[in-house]
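Chemist:
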Amino acid sequence: MSLKIRLARAGAKKRPFYHIVVADSRSPRDGKFIEKLGSYNPMLPAEHEDRVRLQNERITHWLSQGAQATDRVARFLGRAGLAPMPAIPPQPIQSAPKKKAQERAAERAKAASA
């Protein structure tokens, strides 16, 4: 049985709230789990202390038993110092101006400064 430390969705429609649980990797996202290890409330501001709550000693216990954290939970654990911070690949910025638009903006800035 491979164990995962992952998020299980709770909360109402358009008001997400997640429990951080340890579960068998084959069980459904909101289904059966072994133990609840914390919670994550994405509706709170990033600096709020109740945004991510973790039970540190239980998480270290399950990690020592071989449980693997998912990507999102691994970030939480890395910020809390319970596990090494995972490598976060750079995110593409799709809304950034393309090459021709950048050239036109550079020309406009050059003309405005002259």
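full-length UniProt numbering puts the first residue of the sequence shown at 1, with every later residue one more than the last.
All C-beta atoms in this analysis are idealised placements derived from N, C-alpha and C, irrespective of residue type, glycine included.
(1) Please say whether K4 and A67 have beta carbons closer to each other than 8 Å?
(2) Pull up the distance between the alpha-carbon of R29 and that of A96, whole angstroms please.
(3) Which partner residues does F17 have in the DSSP bridge list?
(4) Can you say whether G38 is buried or exposed, counting buried as having 16 or more other CB atoms within 10 angstroms of its CB?
(5) Do Y18 and A10 have their C-beta atoms closer together than 8 Å?
(6) Distance, Cα to Cα, D50 vs E57?
Modeler: In terms of the structure at hand:
(1) By 1-based counting over the sequence shown, the position of residue 67 is 67. By 1-based counting over the sequence shown, the position of residue 4 is 4. Cβ atoms of A67 and K4: closer than 8 Å.
(2) To locate residue 29, count along the sequence shown from 1; it is residue 29. To locate residue 96, count along the sequence shown from 1; it is residue 96. Going from the Cα of R29 to the Cα of A96 covers about 35 Å.
(3) On the sequence shown, position 17 is the one that residue 17 refers to. In the DSSP output, where bridge partners are listed per residue, F17 has A10.
(4) The residue given as residue 38 occupies position 38 in the sequence shown. G38 is buried by the Cβ-count criterion.
(5) What you label residue 18 is simply residue 18 of the sequence shown in a count that begins at 1. What you label residue 10 is simply residue 10 of the sequence shown in a count that begins at 1. Their beta carbons are under 8 Å apart, which means Y18 touches A10 by this criterion.
(6) Here the question's residue 50 lines up with position 50 in the sequence shown. Here the question's residue 57 lines up with position 57 in the sequence shown. Answer to the nearest angstrom: the Cα atoms are 18 Å apart.
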